[in-house]
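Everything below concerns the one structure shown next.
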Amino acid sequence: MLKVNSVSIKNYLPLILIVLIVSADQIIKIYIKTHFQLGQSIADWGILKIEFVENPGMAFGLSFDNSWSKYLLSLFRVFAVIAIGWYIIKLVKHSAHVFFICLVSLIFSGAVGNIIDNLFYGLIFDSGTTWSPEYIRWLPYAGVSNLSFDGYGNFLNGCVVDMFHLYLPWPDWVPFDFGEEIFPPVFNLADASISVSVFFIVIFYKKIVRKDDVELKWSKGDKEAS
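Note that my numbering numbers the sequence shown so that position 41 is 39, with each residue one more than the last.
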């Protein structure tokens, strides 16, 4: 009975993690976007600052110089999420290390959290950062956004909401000029979920990842399932 319960918990753990991370990520983003103005500094706790920025590109504030690149990135994220989701299912079926399954699930959660912004935020908010062909750059907006199906953009064209800023200045003794901060980008919970997961996978790779986990194939899974 204990074995059955352990297996059941292991099977449902990825789903639980995904629901928790994606829900928390979206609650934070929607609260920030509907209560504060773009660019507003919300809190300053020394090493951690809360600042509302919008990201029209990749993670950690990296952006593109046109809207078509954003569409391509959004499509790539959709396919990546599908691939990672399939991989999690295969890992569970092949009884991979539970810690590895959890870490991959956190990567999936982060990808889903940001892709929700890309897919739907342009449709459900009345204002947001938009691409201007006239000025050839992304334009900010004034005021506080509201949840509204009037939308500020199209499907796949929403901007990711970021808010966490780790303020880590370079020590005075560093001989080179790398700028003021060690890590200046502003990020969100989804970004953190991905980054922390990748970090732990690299650190514990030999202990939690088997050769079979890397070389999973459809045919192998089909044979074992049968």
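For glycine and all other residues, C-beta sits at the position ideal for the given N, C-alpha and C.
Check, Outcome
"For Phe233, which of helix, strand or coil comes out of DSSP?", "As shown, the chain starts at -1 and ends at 224. That puts residue 233 outside it, with no answer to give."
"Tell me, to the nearest whole angstrom, how far the beta carbon of Glu52 is from that of Gly126; I am working on the premise that it is less than 8 Å.", "6 Å"
"With a floor of 4 residues, list each alpha helix (DSSP H) that falls wholly inside the stretch 50 to 120, ordered by position along the chain.", "65 to 91"
"Quick check on Phe181: buried or exposed, where buried means 16 or more other Cβ atoms within 10 Å of its Cβ?", "exposed"
"From the DSSP secondary-structure annotation, give me the bridge partner or partners of Trp168.", "Paired residue(s): none; Trp168 is not in a bridge."
"Quick check: what's the CA-CA separation for Ser39 versus Lys47?", "8 Å"
"Along the beta strand (DSSP E) that carries Asp42, what are the first and last residues, could you check?", "39 to 43"
"For His163, does the count of other Cβ atoms within 10 angstroms reach 16, so buried, or fall short, so exposed?", "buried"
"Below 6 Å CB to CB, which residues in the same chain sit around Asp160 once its five sequence neighbours on both sides are set aside?", "Val51, Asn53, Val184, Phe185, Asn186"
"Using a Cβ-Cβ cutoff of less than 6 Å, which residues in the same chain neighbour Ala41 once the five nearest sequence positions on both sides are dropped?", "Ile48"
"Is there a Cβ from chain D that is less than 7 Å from the Cβ of Ile201?", "No chain D is part of this structure, which consists of one protein chain only."
"Considering only the beta carbon of each residue, do Tyr69 and Leu121 sit closer than 7 Å?", "no"
"Nearest to Tyr139 by alpha carbon, out of Gln35, Val102, Ile99?", "Gln35"
"Is it the case that the Cβ atoms of Ser195 and Leu104 are separated by a distance below 7 Å?", "yes"
"Can you look up Ser193 in the DSSP assignment and give me helix, strand or coil?", "helix"
"Bridge partners of Arg225, per DSSP?", "Here the chain comprises residues numbered -1 to 224, so residue 225 is not present and cannot be evaluated."
"For Phe98 and Ile206, which I take to be in contact (beta-carbon distance under 8 Å), what is that distance rounded to the nearest angstrom?", "4 Å"
"DSSP puts His163 in a beta bridge; with which residues?", "Lys47"
"Tell me which residue opens and which closes the beta strand (DSSP E) that Thr128 is part of.", "128 to 130"
"Leaving out the 5 sequence neighbours to the left and right, which residues in its chain are closer than 7 Å to Phe58 when beta-carbon positions are compared?", "Interpretation of Phe58 is limited by its pLDDT of 49, a score under 50 that renders its predicted location unreliable; no figure is taken from the coordinates."
"Return yes when the Cβ of Asn112 is within less than 7 Å of the Cβ of Val79, no when it is not.", "no"
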